[in-house]
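Using UniProt numbering, you'd call the opening residue of the sequence shown number 1 and step up by one each time. Ideal Cβ placement from N, Cα and C applies to all residues, glycine included. As the structure is a prediction and not an experimental result, all values here were calculated from the model. Comments concern the structure below.
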Amino acid sequence: METLESLANHNERENEEIIGLRKTVERLENEKQAKQQDRLKFEMELEAVEENYRKEIDDLWSMVKSLQNENKHLSSSVSPETLSPASMIQMNFSCFTLIYELRSLQVFQLVDTRKSMRLHISYFTEGYMKESFGGGRTHRLLLYMLVCILESLFSAPRDEDLTVMIELRELSNKQKEQIKELQRDIETYSCEVENLHNSIEKLIRQNEELLRKNASLQKQGRMLVEEKSEIIKRLQQTEEANFKLTKLFKDASRQCKDLQQSQQEDNDNAPRFTLAELREVLQEKNLLKGKVLELEEELEQLRPSRRPGSAGSDANQELENK
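Printed below as a string of C-alpha cells:
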C-alpha cells in the first residue's frame, strides 16, 4: 500500500509538471506567432516603401529616356546652319528647366540620373559645337556658359538629398539588423519549443510506464489480499477441526481409562473386552492418531514459526501413556 501511495504521489507530481510544460509551450508558441506577425507586417511595410521608391525611379528613368529621344529627334531634324542663336538658347533653356525639375526630386539613384543627363547634354552640345565653327563667337560663348552651369549644377548635389539618402540607408541597415535579430529569436524559440516537446513526450512515456506498473502492482496487491483471506479461512477451519478431534480424542481416552479402571476393579484376571471390541478400539485409535498427525502437519505448514513435531510428539506421548 505504501508503494502504491508513493507511485500515486509521483504520478500526480509528473502530471503537474506536464501541465506546466504544456502551458510554457503554449506561451512560447503564442510569442512566436506574435513575432512572426510583427515580422510579416514589417516586411510588408518595407516592401511597400521599396515599391514606392522603385516606381519613382522608374518614372524618372522613363522621363529621362523620353528627353533623350526628344533630344535625338531634335538633333537629327534641325541642322546647326539653319538654327538661330535665339532658338538654340531657348532650346537649351528648356532642357535646363526639365533637368532642374528632375534633379529636385529625392530618390536613391540621383547619381545615375545625373550621369545620364550629363551624357545627354554633352551629346547635344558637342554635336552642335562641331558643326557651328562659323556660328559666331557670341553663340559659342553662350553655349559654353550653359554647359558650365549645368555641369556645376549636377556636380554639386544638394545637402538635403545627401541627408535623405544617408537617413534612408541608415534606416534600411537598421531594419535589416532588426530582421536578423527577429530571425535569431525565432530560431531560438523554435529550438526551445522543440526541446519542450521532446521533454513532454518523454514524460508522457514515463507516466504511461508508471501507470502500467501501478496497475500491475494493484492487481498483485488484490491477489495477495485474496490469498491471505483464503489462508486465514483455511487456518480457522483447520483449527476448528483440530479442536474437535482433540476433544474427541480426550473423550475416547477418558472412556478407555474408565473402562480399564472398571475392569480392574471387577476382575483383574478376567478379560474386560472381547477380541473384536479390542480390534475396533485399536482401529479407532489408529484412525484418530492418523487424523491428528495430518492436522498437526497442516498446522506446521500454516504456522512455520512453531517448532516442527512438538504438538504431534505431545499427542503421541499422551496416546502412548494412555
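Contact set for residue i: own chain, Cβ-Cβ below 6 Å, skip 5 residues either direction
{"i": "Pro157", "result": "Residue confidence is low: Pro157 scores 48 on pLDDT, short of 50, so the model does not pin down where it sits. No coordinate-derived value is stated."}
{"i": "Asn214", "result": "Leu7"}
{"i": "Phe249", "result": "Leu288"}
{"i": "Lys322", "result": "With a pLDDT of only 45 at Lys322, under 50, the local geometry of the prediction cannot be trusted, and the value read off the model is given with reservation. Cβ neighbours of Lys322 beyond the five flanking positions: Ser253."}
{"i": "Arg39", "result": "Leu182"}
Contacts around residue i, its chain only, beta-carbon distance under 8 Å, and the 5 residues preceding and following it disregarded
{"i": "Asn52", "result": "none"}
{"i": "Arg234", "result": "Leu302"}
{"i": "Ile18", "result": "Ile200, Leu203, Ile204, Asn207"}
{"i": "Leu245", "result": "Leu288, Lys291, Val292, Leu295"}
{"i": "Gln175", "result": "Phe42, Leu46"}
{"i": "Glu14", "result": "Leu203, Gln206, Asn207, Leu210"}
{"i": "Leu28", "result": "Tyr189, Glu192, Val193, Leu196"}
{"i": "Thr238", "result": "Leu295, Glu298, Leu299, Leu302"}
Nearest-angstrom Cα separation, counted from residue j out to residue i
{"i": "His10", "j": "Asn207", "result": "9 Å"}
{"i": "Gln36", "j": "Leu196", "result": "20 Å"}
{"i": "residue 323", "j": "Lys289", "result": "Outside the displayed range of the chain (1 to 322) lies residue 323, so it cannot be described from this structure."}
{"i": "Arg169", "j": "Glu177", "result": "12 Å"}
{"i": "Ile57", "j": "Lys23", "result": "51 Å"}
{"i": "Lys291", "j": "Ala241", "result": "10 Å"}
{"i": "Leu299", "j": "Gln260", "result": "33 Å"}
{"i": "Lys257", "j": "Leu287", "result": "19 Å"}
{"i": "Met223", "j": "Asp185", "result": "57 Å"}
{"i": "Asn198", "j": "Gln33", "result": "20 Å"}
{"i": "Lys247", "j": "Leu295", "result": "14 Å"}
{"i": "residue 407", "j": "Ser229", "result": "Residue numbering for the chain in the displayed model covers 1 to 322; residue 407 lies beyond these limits and cannot be assessed."}
{"i": "Val193", "j": "Val25", "result": "6 Å"}
{"i": "Glu70", "j": "Leu60", "result": "15 Å"}
{"i": "Gln283", "j": "Glu297", "result": "21 Å"}
Segment limits, alpha helix (DSSP H) that includes residue i
{"i": "Arg279", "result": "275-302"}
Cβ neighbours of residue i in the same chain (closer than 7 Å, five flanking residues each side left out)
{"i": "Leu210", "result": "Leu7, His10, Asn11"}
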